[in-house]
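In my numbering, the protein residues as written are 1 to 580.
We put the beta carbon where it would ideally sit given N, CA and C, even for glycine.
Values in this document were obtained by computation on a predicted structure and should not be read as measured data.
This is the structure in structure tokens:
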């Protein structure tokens, strides 16, 4: 029998044993593994292995496509990834689950290729899914017992308690899951959770029972995400600082915020009599590309600045036992939550790691600190007083106004959900060219914006009963579409969608494959306005015609148009303009 067969048989036996353990959940909170430490509250803790504390750590998932559920993960893919991480100086990876497709294959590759990597093994816990949770726990226990020299710690659940998760788990139930795992394995056990829960913030449930069931805290801190959902939580704009120093000031303020959240967690542990409990940062990071309203913040250079500050914090001896950077590689399936990777999806090294190995293929673009992005206050281009405001047209109309710099065509989800090409038209009555929009829908739909690349335009004089949005369109696209405009900016957390659901037969629109002239009252479109995605809780997200940043948007969000799927039938557009 070879080593691989022996371990697989061992895992099978352990899974059966683990399943038996799960039938009677034990409330024992101690267990084997190293010499336990006793907290000032009398709680015994399994010590973190020294290797866990000294190795550079990163969160790892191998997914490379926009559809995780249908992607096949191979050992060759995993080996390629792990080789890159080792060259980047990574010695510890955090896995999010104990699946056969990812976790077991990763552990097998580490063993078979004799890689110098250790693992923080995750067990994915879902709310109101006890059967699948028990199966996940059984798999995790089996892997932790079969790979004791590689799996240094186990984490049960990922952001399962925090109030903003879709369906928060109850602390008592999570504590029972943790206690079950801790009874069955020898490694130190934790759960990965947002800092606000662990620091007992007023908006969160009491996690004391969970904290008393773990050996160390794994807290998540995301100053970047806070700037989107709570833009005034910390001073990321740094408008009091000169523009040439503003990026540095923003990143200094970001790490200061992370330290504040860490200290808040430490204070809560002290209050519980757990001052000796180790704290690690289980997730933190900075996006290299703005994929979810992080403009003027996300950039490869800013990402490097954040990583450098994290390293300095750890090396100071005043921070967490270790830091797990989120994440190793971009994952397109995450949509607006993509672009955190130290490497992009093509495995090209970004600025934060480019200098760590001559073997890396570098992502295009300079890493000069002068290129770091920063906040620039929004100022509009002045009130448009003309009777016509043209967004896109070949022909010039006397007396019209246009954006000072021509609109940039931006598809949603970082340009992935549609593409636009110029084509020769016939019959639109507006010069030789038109725009062809080719939808490339994701599971929720697609969208294309005509974005003003500089300051927004003030179209407040078009806020009248007679003002209209006009465009020519030719398509056989099935069902309804959305058309309208967008006001506000991501930087000011003021984005506001103003889109009308349009069906064939309304306002001159027909999807019969012939050119049609559509004219919609601005007031009708305004009535359909709503805070943009990610801005639902932002008081700044209001309709503001003095700050029109995207004077035309065309989209198909299935939740709005009532579809379950979409089409890639192209849509031709021409002569897009506002009129009084």
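Name, in chain order, the residues that DSSP records as bridge partners for residue i.
i: residue 158; result: 192
i: residue 219; result: 193, 281
i: residue 409; result: 450
i: residue 536; result: Residue 536 is not bridged to any residue.
i: residue 528; result: Per DSSP, none; premise fails for residue 528.
i: residue 542; result: According to DSSP, which records beta bridges pairwise, residue 542 is partnered with nothing at all.
i: residue 521; result: 468
i: residue 438; result: 419
i: residue 578; result: 389, 469
i: residue 343; result: 329, 349
i: residue 125; result: For residue 125, which the question treats as bridged, DSSP gives no partner whatsoever.
i: residue 516; result: 473
i: residue 383; result: 458
i: residue 557; result: 445
i: residue 573; result: 435, 473
Rounded to the nearest angstrom, what separates residue i and residue j at their Cα positions?
i: residue 280; j: residue 537; result: 30 Å
i: residue 547; j: residue 529; result: 15 Å
i: residue 32; j: residue 49; result: Residue confidence for residue 32 is low, a pLDDT of 37 falling below 50, so the modelled location carries little weight and cannot support an answer.
i: residue 299; j: residue 351; result: 10 Å
i: residue 131; j: residue 139; result: 13 Å
i: residue 290; j: residue 237; result: 16 Å
i: residue 34; j: residue 215; result: Caution applies to residue 34, whose pLDDT of 49 falls short of 50 and renders its modelled position unreliable; the model cannot decide the point.
i: residue 15; j: residue 53; result: Any reading at residue 15 is ruled out, since the residue's pLDDT is 48, under 50, leaving its predicted position unreliable.
i: residue 173; j: residue 204; result: 16 Å
i: residue 243; j: residue 409; result: 28 Å
i: residue 430; j: residue 82; result: 55 Å
i: residue 372; j: residue 294; result: 13 Å
i: residue 592; j: residue 465; result: Past the edges of the chain, shown from 1 to 580, lies residue 592, and the structure says nothing about it.
i: residue 326; j: residue 358; result: 23 Å
i: residue 147; j: residue 186; result: 11 Å
i: residue 525; j: residue 467; result: 11 Å
i: residue 239; j: residue 495; result: 20 Å
i: residue 424; j: residue 470; result: 20 Å
i: residue 29; j: residue 444; result: With a pLDDT of 35 at residue 29, under the threshold of 50, the modelled position of this residue cannot be trusted; read the value that follows with caution. About 44 Å.
i: residue 304; j: residue 310; result: 10 Å
i: residue 569; j: residue 151; result: 49 Å
i: residue 472; j: residue 519; result: 9 Å
i: residue 213; j: residue 249; result: 39 Å
i: residue 111; j: residue 222; result: 33 Å
i: residue 177; j: residue 141; result: 12 Å
i: residue 436; j: residue 421; result: 5 Å
i: residue 584; j: residue 506; result: Here the chain covers residues 1 to 580 and nothing more, so residue 584 does not appear.
i: residue 347; j: residue 144; result: 29 Å
Between the options, which has its C-alpha nearest residue i's C-alpha?
i: residue 169; options: 60, 193, 351, 92; result: 193
i: residue 251; options: 285, 119, 548, 186; result: 285
i: residue 306; options: 273, 338, 259; result: 259
i: residue 78; options: 55, 117, 44; result: 117
i: residue 301; options: 247, 128, 270; result: 247
i: residue 165; options: 127, 179, 181, 202; result: 127
i: residue 551; options: 391, 447, 490; result: 391
i: residue 491; options: 232, 502, 418; result: 232
i: residue 497; options: 488, 505, 504; result: 488
i: residue 417; options: 98, 504, 566; result: 566
i: residue 515; options: 474, 545, 72, 57; result: 474
i: residue 534; options: 337, 90, 449; result: 337
i: residue 361; options: 367, 500, 349; result: 349
i: residue 493; options: 198, 395, 532, 577; result: 532
i: residue 388; options: 160, 207, 577; result: 577
i: residue 106; options: 80, 88, 87; result: 80
i: residue 571; options: 159, 510, 544, 499; result: 510
Check the Cβ-Cβ distances between residue i and every residue of chain D, and say whether any is below 7 Å.
i: residue 514; result: Going by chain labels, chain D is absent from the structure shown, which holds only one protein chain.
Would the C-beta of residue i count as close to the ligand MN, meaning under 6 Å from any of its heavy atoms?
i: residue 257; result: In terms of ligand content, the structure shown is empty, and the ligand MN therefore cannot be addressed.
- Message: Restricting to runs no shorter than 4 residues, where is the alpha helix (DSSP H) found entirely within the segment 230-283?
- Response: 243-271
**Inter-stretch contact (C-beta, 8 Å, three-pair minimum) for the segment 374-392 and the segment 453-460** = yes
What are the start and end residues of each continuous beta strand (DSSP E) run of 3 or more residues lying completely inside the segment 457-508, in chain order? 468-475, 481-487, 496-502
- prompt: Taking three-plus beta-carbon pairs below 8 Å as touching, is the segment 83-95 in contact with the segment 117-128?
  reply: yes
- Is the segment 477-485 touching the segment 398-412, taking contact as three or more C-beta pairs under 8 Å? The answer is no - the segment 398-412 does not touch the segment 477-485, with fewer than three Cβ pairs under 8 Å.
- Query: Okay, do the segment 323-335 and the segment 59-70 touch, 3+ Cβ pairs below 8 Å being the bar?
  - Reply: yes
Next item on the list: Let me know the alpha helix (DSSP H) ranges lying completely inside the segment 274-340, each 4 residues or longer, listed in chain order.
Entry: 300-315
Exercise. Say whether the segment 253-269 touches the segment 221-230, bearing in mind that this needs 3 or more beta-carbon pairs closer than 8 Å, one atom from each stretch.
Key: yes
Review point. Which runs of the beta strand (DSSP E) spanning at least 3 residues fall entirely within the segment 31-110, listed in chain order?
Key: 56-59, 90-94
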